[in-house]
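As you go down the protein sequences, you meet chains A and B in turn.
Residues 1 to 254 (our numbering) make up the first sequence, in order.
Residues 255 to 837 (our numbering) make up the second sequence, in order.
Positions of the beta carbon are idealized from the N, C-alpha and C atoms, including for glycine.
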Amino acid sequence: MIHATLLLLSLSSAPVPAATTATPALDPATTFVQANEAYSAGDYDKALTLYLKLIDAGVRNGHLWYNLANTHLRRGELGPAIAAYLRSRSLIPRHQDVHANLAFARKSTKDAIAPPDPGAALSTVFFWYYALNARETATLFVICNAVFWFLLIVRIYRRQTEILRWIAISTLLFALIFGVSLALKVATPRRVAVVIPSEIAVYSGTSQDTVVRFKLHAGTEVRWLERRDRWFRLALPDGNQGWVLEDQVTTLTL
Amino acid sequence: MLLTLMGLLMCSQARAEVRASVDRNEVTTQDQVVLTVELDGASSDEPTLPPLNDFEVYSRGTTQQIQIINGQTSRSLAFTYILVPKRTGTFEIGAITADIDGHTEASQPFSIRVIANDKQPQSSGDLFATASVSKSSPYRSEQIIYTLRLFTRVRIAEASVEVPNFDGFMVEELGEQKSYESVVRGQTYRVNEFRRALFPQETGQLPIGPAAFTVEAVERRSDGFGGFGGFLGRLQTRSRVIRAAPIELNVRPLPTPPQAFSGLVGQFHINAQLSKSRLKVGESASLTVTVSGVGNAQMIPEPAIDGLEAFKSYDDKPESKIERSGAAIAGQRVFRKALVPIQAGTVTLPPITLSYFDPNTGNYRTAKSQAFPIQVDPSDGKEELKLTEFATPLSGKVAVTMLGDDILGQHTTLDALISQDLAQRDLPRWGGLTIGPILLFAGLSFLRRRVEQDAVDGAAKRRRHALRNALRNLRELKKIHQKSGNKEAAIFASRLLREFLGAELAVEGLALTPRDAALRLESEGIHSDCITQVQELLSACDAAQYGHDHAGILEHSIADNSMRTLMQRIDREVRASAGSRLS
Chain A
1 MIHATLLLLS LSSAPVPAAT TATPALDPAT TFVQANEAYS AGDYDKALTL
51 YLKLIDAGVR NGHLWYNLAN THLRRGELGP AIAAYLRSRS LIPRHQDVHA
101 NLAFARKSTK DAIAPPDPGA ALSTVFFWYY ALNARETATL FVICNAVFWF
151 LLIVRIYRRQ TEILRWIAIS TLLFALIFGV SLALKVATPR RVAVVIPSEI
201 AVYSGTSQDT VVRFKLHAGT EVRWLERRDR WFRLALPDGN QGWVLEDQVT
251 TLTL
Chain B
255 MLLTLMGLLM CSQARAEVRA SVDRNEVTTQ DQVVLTVELD GASSDEPTLP
305 PLNDFEVYSR GTTQQIQIIN GQTSRSLAFT YILVPKRTGT FEIGAITADI
355 DGHTEASQPF SIRVIANDKQ PQSSGDLFAT ASVSKSSPYR SEQIIYTLRL
405 FTRVRIAEAS VEVPNFDGFM VEELGEQKSY ESVVRGQTYR VNEFRRALFP
455 QETGQLPIGP AAFTVEAVER RSDGFGGFGG FLGRLQTRSR VIRAAPIELN
505 VRPLPTPPQA FSGLVGQFHI NAQLSKSRLK VGESASLTVT VSGVGNAQMI
555 PEPAIDGLEA FKSYDDKPES KIERSGAAIA GQRVFRKALV PIQAGTVTLP
605 PITLSYFDPN TGNYRTAKSQ AFPIQVDPSD GKEELKLTEF ATPLSGKVAV
655 TMLGDDILGQ HTTLDALISQ DLAQRDLPRW GGLTIGPILL FAGLSFLRRR
705 VEQDAVDGAA KRRRHALRNA LRNLRELKKI HQKSGNKEAA IFASRLLREF
755 LGAELAVEGL ALTPRDAALR LESEGIHSDC ITQVQELLSA CDAAQYGHDH
805 AGILEHSIAD NSMRTLMQRI DREVRASAGS RLS
């Protein structure tokens with residue numbers, strides 16, 4: 001029910017992007033159906049092209065990223081698949097299909113590196129932070145904020161009762177929680193880099209003349225710290241760091 | 255694959271089965287025994303009976319039962335035979351065999367005891383009860399069968415039985431109540447039989463108290479019509495208590511036991527199986543030890559297994575099965591261990607032994623399994639425990655086998671086209687939704703405060719609205735001046751100005767004379783040129799009302815908006831004065 005409500009709230013103010021913004025001839029619904037049919041028929045090249053068209057047209061939807069990730073995986077592109085699953089998970093974090101397929105894809109990675117996911121304790125204590133996407137968090141913040149101020153308006157015209165006071169305090173608390181969560185999501189997103197080629201070299205500096213510190217393989221997820229020109233600085237869980245060229249990783253801010 | 259094969263094997267064993275049962279195990283030479291042979295499976299051939307030279311055998315037909323459970327059809331056939339004993343004695347009935355699904359299955363053997371008719375209990379009328387034990391001087395913990403029978407030749411409407419307490423015994427239910435007919439001294443009785451398995455826990459003289467049946471016997475009441483009375487009399491019930499005599503047992507102690515005595519008394523066997531005789535270090539093999547037998551099978555302990563020093567050993571929960579439907583309590587207990595060799599080499603597990611007391615021979619005996627030589631090869635890499643065999647279902651549950659692994663399918667609803675991110679283009683809307691309620695609250699709070707202030711201080715409200723009202727009336731004044739001429743305009747202007755001044759100065763404006771107005775404006779700190787203008791204007795209005803020709807000043811004030819400017823200035827200066835007073 002909560003899921004449905006959140007979906008409803010988030011959808012009510014989220015119109016389908018106009019197809020005419022990017023490619024005037026693109027009909028999103030038709031393209032999506034065609035992409036799914038191509039996928040079902042095993043034509044993964046066509047499915048990939050059509051899904052990418054929709055994304056280029058501005059559609060930012062977790063289900064679409066999920067379908068794209070499946071298509072990448074069918075084509076044997078582990079890195080792009082995992083990157084797309086991560087994008088999908090950030091938009092539909094409670095959908096079990098995404099978690100299952102991401103886990104499936106991760107089984108195929110070569111490097112024994114734990115993905116930079118939040119720990120079980122963290123995701124249990126701050127469950128709302130990880131179970132809601134940014135839009136849902138914003139929606140809840142706006143609702144709680146509006147209810148709080150509405151209750152204050154009621155207080156102007158009616159004698160304040162104890163229950164109204166506690167409801168107002170509760171909604172203020174929730175508004176603060178969702179507001180802070182939203183601020184953290186926007187201000188400090190998780191930075192994840194996913195390795196795209198089957199193997200990449202990670203250098204000690206922003207030049208291919210520097211020492212190769214270590215190598216990573218397709219699908220491996222690591223944190224990225226900064227960008228300098230065409231280079232990204234990666235950090236492994238054990239603290240080791242190095243630089244990679246931008247075209248060798250997909251960098252995400254989730 | 256191994257699990258699947260084992261599962262299939264277990265499945266087929268469970269479905270193809272031959273079961274043989276008799277309605278009673280003890281009869282006289284004048285009685286009959288009903289033998290029922292049940293075949294579970296697809297066979298329709300008649301079972302093969304063992305040689306039954308001591309009985310006359312008559313077939314009583316076949317019944318068939320078909321069950322459909324969870325879509326699985328199972329078929330069972332029951333062949334019924336009547337066995338009429340030819341002589342007295344205890345006769346072992348061997349295994350009854352039948353071909354089921356291409357396999358030959360056999361039933362468990364059992365025995366029937368035939369006693370002479372004169373050894374039957376002395377009858378005492380239409381109703382009597384007997385109690386007997388299979389052995390009057392058993393060993394301690396030896397299984398004996400206590401049999402309680404109720405013989406009736408009258409109709410019984412209702413009956414209940416009160417069994418003895420069996421103090422000093424461990425008691426187990428044995429089979430269901432049986433009902434059959436028996437001939438006692440030429441009379442046919444309906445017999446109801448109850449049995450218990452008793453295990454004496456004390457030695458010496460051990461009594462079993464009397465058992466009692468309370469029955470409601472149906473009788474015909476005599477109605478006084480002589481010989482016809484019994485025939486024509488009405489039916490009635492009479493409550494009667496029928497007692498079976500108590501029994502005294504002489505329980506013998508067990509001889510001095512050996513050190514390894516397990517506490518089991520009866521006939522027991524031990525069987526051990528090892529899933530692999532060759533494995534690598536780190537791999538696991540499953541050792542299954544089954545102890546089964548007749549006697550106090552509930553007490554079967556885990557047999558000691560020597561030679562496990564070379565293994566890591568992981569125990570599983572033992573599995574017990576007690577059979578209570580036969581002539582005596584029998585059962586088995588299965589112990590399973592996962593053995594993981596620690597080092598390479600040849601290891602031999604010695605035979606597993608179990609010491610028990612056999613009351614038939616009066617001696618302690620030792621059941622023994624075979625030895626297991628195991629070849630342990632070095633592992634390929636570092637040790638990795640593979641306990642897959644240990645995960646074999648042990649209690650009827652079946653382990654889920656993953657047959658394939660794949661991703662889950664596409665999401666096909668058009669919801670996938672609705673944006674779910676927090677786009678930058680939407681930020682103004684989110685900001686508006688956030689700030690909107692705050693602004694609404696602020697506005698409403700301000701209005702509320704204003705209303706409250708007005709309620710307390712009416713003069714403040716008048717002052718606040720003074721200029722607005724005056725300016726509105728000034729537009730009206732212009733119209734009146736154009737339409738009605740100087741006199742009407744002067745009346746209206748006088749009223750307008752006085753009301754304005756009254757509102758600004760918080761006094762009754764219409765009563766103000768030019769001098770009063772000047773004094774009050776002066777006290778409010780209004781500039782003198784304003785005061786002078788006000789005095790002139792008021793005087794001009796008054797004069798114009800009464801016909802004097804001062805209309806020029808009024809006309810001039812209306813035309814060049816100097817009256818408007820004057821009022822705006824006064825309003826501003828009065829507000830400034832009020833503000834400075836407050837501060």
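Residues are counted here when their Cβ sits less than 7 Å from a Cβ of chain B; for the region 164 to 197 of chain A the count is zero. Chain-order list of chain A residues neighbouring B/GLN674: SER10, ALA14, ARG60, ASN61, GLY62, LEU91, ILE92, ASN133 and ARG135, by C-beta distance under 8 Å. Between B/VAL445 and B/ARG403, the C-beta gap is smaller than 7 Å, which places the two residues in contact. B/ALA274 counts as buried, since no fewer than 16 other beta carbons sit within 10 angstroms of its beta carbon.
In this chain, the alpha helix (DSSP H) harbouring B/LYS737 covers 712 to 738. Against chain B, the beta carbon of A/LEU152 has neighbours under 8 Å at PHE695, listed in chain order. Of B/LEU681, B/ASP285 and B/ASP560, the smallest CA-CA separation from B/TYR443 is found for B/ASP285. Under DSSP, B/GLY520 forms a beta bridge with B/GLY549. One alpha carbon belongs to A/LEU48, the other to A/ASN61, and they sit about 15 Å apart. Ranked by how close their Cα comes to the Cα of A/TYR157, the residues B/ALA772, B/ARG702 and B/ILE672 have B/ARG702 in first place. Per the DSSP secondary-structure output, B/ALA385 pairs in a beta bridge with B/LEU402. Contact of B/ALA670 with chain A is assigned, a C-beta pair being separated by under 7 Å. Here the C-alpha atom of B/GLN674 lies approximately 14 Å from the C-alpha atom of B/TRP684. Nearest CB-CB separation between B/PRO691 and chain A: below the 7 Å threshold. Beta-bridge analysis with DSSP links B/MET424 to B/PHE453. Of the residues assessed, B/PRO301 falls on the buried side of the cut-off, its CB having 16 or more other CB atoms within 10 angstroms.
In the structure shown, B/PRO557 adopts coil according to DSSP, grouped into three states. DSSP, reduced to helix, strand and coil, places B/PHE700 within a helical segment of the structure shown.
Assignment of beta-bridge partners to B/ILE745 by DSSP yields no partner. B/LEU671 and A/PRO28 have their C-alpha atoms some 7 Å from each other.
In terms of beta-carbon proximity, B/HIS665 lines the interface with chain A, with at least one pair separated by less than 7 Å. Put simply, of A/THR220, A/GLU226, A/PHE232 and A/ARG230 the residue whose alpha carbon is nearest the alpha carbon of A/ASP117 is A/THR220. A Cβ of chain A is located within less than 7 Å of the beta carbon of B/LEU662. Apart from the 5 residues on each side of it in sequence, B/SER386 sits with its Cβ closer than 7 Å to the Cβ of THR401 in its chain, given in chain order. Residue-level contact check: B/LEU698 touches chain A, since one or more beta carbons of chain A fall below 7 Å from its beta carbon. Rounded to whole angstroms, B/SER816 and A/PHE178 show a C-alpha spacing of 59 Å.
When DSSP reads this structure, B/THR358 sits in a beta bridge with B/ASP353. Leaving aside the five residues that flank B/ALA621 on each side, the residues in its chain whose CB is nearer than 6 Å to its CB run, in chain order, PHE522, HIS523, ILE524 and LEU608. Under the DSSP definition of a beta bridge, B/GLU776 lacks any partner.
Proximity of B/LEU687 to chain A, defined by a Cβ-Cβ separation below 7 Å, is satisfied. The residue from B/GLY599, B/LYS571 and B/GLN552 with its alpha-carbon nearest to that of B/ARG578 is B/GLN552. Listed along the chain, the chain B residues whose CB falls inside 9 Å of the CB of A/PHE127 amount to none; the nearest CB is some 19 Å away.
In summary, the residues of the region 701 to 714 of chain B whose CB is separated from some CB of chain A by less than 7 Å are ARG702, in the order they occur in the chain. In this structure, DSSP gives A/ASN145 a helical state, which the three-state scheme calls helix. Taking a Cβ-Cβ threshold of 9 Å, the residues of chain A close to B/ASP659 are PHE104 and LYS107, in chain order.
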